[in-house]
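Numbering (my numbering), first residue to last: 8 to 175.
Okay, structure coming up:
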């Protein structure tokens, strides 16, 4: 049943509506399943509709994972760990995760991390941290704050430490 019109939708109307939904941007199977439930499609029809969408090319999990990884990295500057965790929440398998994360070029990844660290370092240096002063010692509170920030953004500890040491 359609919540807006309170009418039962025909199979063709359901397909048309969900095709438009999938055409707007890449969608995961979980998102499509949720949308189908919201518009009132019966549980036994959902797998049939999803299979039809996959056959027609409207729904492709690998394409979704690749687009998600590229988008979150470029737009939100997320690291691979955070992207991986979010995709796991959506029920994406390990093999698809690995392929999706390969979409992020290593050189671009390191450059983005360097820019992120440099930008945050300038902010940290402009503010006093308690009674301590900013030093280039990797155990200083300022450097720890920088490390925590990068890890929160989803970058790997080893990579972040290596980049911080090069930066200092």
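Note that beta-carbon positions come from the ideal geometry of N, C-alpha and C, so glycine has one too.
- The way I'd put it, the segment 79-92 doesn't touch the segment 39-55; fewer than three beta-carbon pairs between them come closer than 8 angstroms.
- Contact between the segment 97-115 and the segment 70-77 is established, with three or more Cβ pairs separated by less than 8 angstroms.
- With respect to residue 131, residue 149 sits close: the two C-beta atoms are nearer than 8 angstroms.
- Taking a contact to require three or more Cβ pairs closer than 8 angstroms, the segment 55-67 and the segment 91-102 do not qualify as touching.
- Counting the other Cβ atoms within 10 Å of the Cβ of residue 122 gives fewer than 16, which makes it exposed.
- Beyond the five residues adjoining it in sequence on each side, residue 90 comes within less than 6 angstroms, by CB distance, of 76, 79 in the same chain, given in chain order.
- Annotated three-state conformation of residue 166 is helix, per DSSP.
- Cβ-Cβ distances below 7 angstroms link residue 124 to 153, 157, 170, 171, 174 in the same chain, with the five nearest sequence neighbours on each side left out; the list follows chain order.
- Runs of the alpha helix (DSSP H) lying entirely within the segment 58-135 and spanning at least 4 residues, in chain order: 68-83, 87-96, 101-108, 113-133.
- Nearest Cα to residue 112 within the set 63, 81, 41: 81.
- In this structure, the straight-line span from the alpha carbon of residue 20 to that of residue 62 is close to 18 angstroms.
- Nearest to residue 60 by alpha-carbon distance, out of 23, 114, 41, 92, is 23.
- For residue 19, the uninterrupted alpha helix (DSSP H) segment begins and ends at 18-31.
- Leaving aside the five residues that flank residue 160 on each side, the residues in its chain whose CB is nearer than 8 angstroms to its CB run, in chain order, 84, 85, 86, 89, 123.
- In this structure, DSSP gives residue 40 a helical state, which the three-state scheme calls helix.
- Residue state for residue 46 is assigned as coil, using DSSP reduced to three classes.
- The beta carbons of residue 40 and residue 25 sit no closer together than 8 angstroms.
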